[in-house]
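K.L.:
Below are the structure tokens for one structure; questions will follow.
Numbering (mature numbering (1 follows the signal peptide of the UniProt record, and there is no 0)), first residue to last: -22 to -1, 1 to 298.
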């Protein structure tokens, strides 16, 4: 009888061990890989969320910027990390939905090597010019581009601003020359200095410079006007029929990350994103607060890949 009781007790301890291990996670700091430089909208969002997420998890969340190739370098790095719940990857439209159609040698498959956790923010794009560039209307840009391709800066190849620029050129029948930068900040710096005459960018990064008058906004790429720039028309309002490009960003983890940790991360991220103060900060950045379960996000990513596969083919977008 004693042996039976001991065996039962021992088996109970063994059964409880995995639960105890799950409950102890995390036991160290988490690393949040941001595949863009500091100062861009993706980085800004991560830095708003990271300290609050860390408070809820009981561990610090450290931002690690790994840049290059329009987010591909950092995304590939994140996908290679152990699936132990200690690595988060900030993914967005470029390296997740567009790059698979443009890079033949892409070292990761977003739907196989990464697990979507939660979509975070919708990001309007904006078309801006240097105030003294002489390109203060779409008509002037179209005519000038037909004579000589106009250089336009973006945060990088395959980003939603890159797609916005290429689609604009295709839609109005003009010629633009893409100048990819390593993030929004250096591109904006060159635009302000007059080294490039125009730019397509995520609204959150450009908004302060638009409000200060250092650069001029001509149009937003969303279907409707954005509240942060109520006087700036949409492309469709200016006669570019059917034009709409909106970026998005969300959190991913390496594919091998256990389900319970994915769900815990989703739960805590959802709580952070529901915080009125965080929602206010996102609105001030020019972003749109989005939500959805990991399953919802996975379905969305698959649909985005198919959408941009068609668009890149029709627009003839190629990487230089």
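Even for Gly, the Cβ is constructed at its ideal location relative to N, Cα and C.
1) Determine the direct distance from the alpha carbon of residue 105 to that of residue 131, and round the result to whole angstroms.
2) Helix, strand or coil: how does DSSP classify residue 179 here?
3) Start and end of the alpha helix (DSSP H) containing residue 42?
4) Report back the beta-carbon spacing between residue 290 and residue 157 to the nearest angstrom; my notes put them in contact at under 8 angstroms.
5) Quick check: the Cα distance between residue 147 and residue 197, rounded to an integer number of angstroms?
6) Reducing DSSP to helix, strand and coil, say where residue 55 ends up.
7) Going straight from the alpha carbon of residue 267 to that of residue 250, what length do you get?
8) Can you list, in chain order, the residues of its chain whose CB lies under 6 angstroms from that of residue 52, leaving out five sequence neighbours each side?
9) Let me know if residue 120 comes out buried or exposed under the rule of 16 or more other beta-carbons within 10 Å of its beta-carbon.
10) When you compare each of 89, 71, 103, 3 to residue 195 by their alpha carbons, which one comes out closest?
11) How would you label residue 179, buried or exposed, when you count the other beta carbons within 10 angstroms and need 16 or more for buried?
12) Using 8 angstroms as the Cβ pair cut-off and three pairs as the minimum, do the stretch 176 to 192 and the stretch 104 to 118 touch?
13) Have a look at residue -1 and residue 242 and give me their C-alpha separation to the nearest angstrom.
P.N.:
Reading it off the structure:
1) For the purposes of this step, residue 131 is identified with residue 153 of the chain shown, where counting begins at 1. For the purposes of this step, residue 105 is identified with residue 127 of the chain shown, where counting begins at 1. Taking the straight line joining both Cα atoms gives about 10 angstroms.
2) Walking along the chain shown from the start, residue 179 turns up at place 201. In the displayed model, residue 179 falls within a strand according to three-state DSSP.
3) Position 64 of the chain shown holds residue 42. DSSP places residue 42 in no alpha helix (DSSP H) but in the uninterrupted beta strand (DSSP E) bounded by 39 to 43.
4) Position 312 of the chain shown, counting from 1, holds the residue named residue 290. Position 179 of the chain shown, counting from 1, holds the residue named residue 157. Contact doesn't hold; Cβ gap of about 19 angstroms is too wide.
5) Taking the chain shown and counting its residues from 1, one reaches residue 147 at position 169. Taking the chain shown and counting its residues from 1, one reaches residue 197 at position 219. When rounded, the distance between both Cα atoms is 14 angstroms.
6) Translated into the one-based positions of the chain shown, residue 55 becomes position 77. Residue 55 falls in the helix class under three-state DSSP.
7) Residue mapping note: residue 267 aligns to position 289 of the chain shown, counting from 1. Residue mapping note: residue 250 aligns to position 272 of the chain shown, counting from 1. Taking the straight line from one Cα to the other gives about 11 angstroms.
8) Here residue 52 refers to the residue found at position 74 when the chain shown is read from its first residue. The residues 11, 13, 44, in chain order, have a CB closer than 6 angstroms to that of residue 52 in the same chain once the five nearest residues on each side in sequence are set aside.
9) Numbered from 1 along the chain shown, position 142 holds the residue referred to as residue 120. It is buried - the Cβ of residue 120 has at least 16 other Cβ atoms within 10 Å.
10) For this step, residue 195 is matched to residue 217 along the chain shown. That would be 103, whose Cα lies nearest to the Cα of residue 195.
11) Residue 179 sits at position 201 when you count from the first residue of the chain shown. Buried, because 16 or more other Cβ atoms sit within 10 Å of the Cβ of residue 179.
12) yes
13) For this step, residue -1 is matched to residue 22 along the chain shown. For this step, residue 242 is matched to residue 264 along the chain shown. Because residue -1 sits at a pLDDT of 48, beneath the cut-off of 50, its placement in the model cannot be relied upon, and the following sentence gives the value as read from the coordinates. If I take the Cα positions, the gap works out to 10 angstroms.
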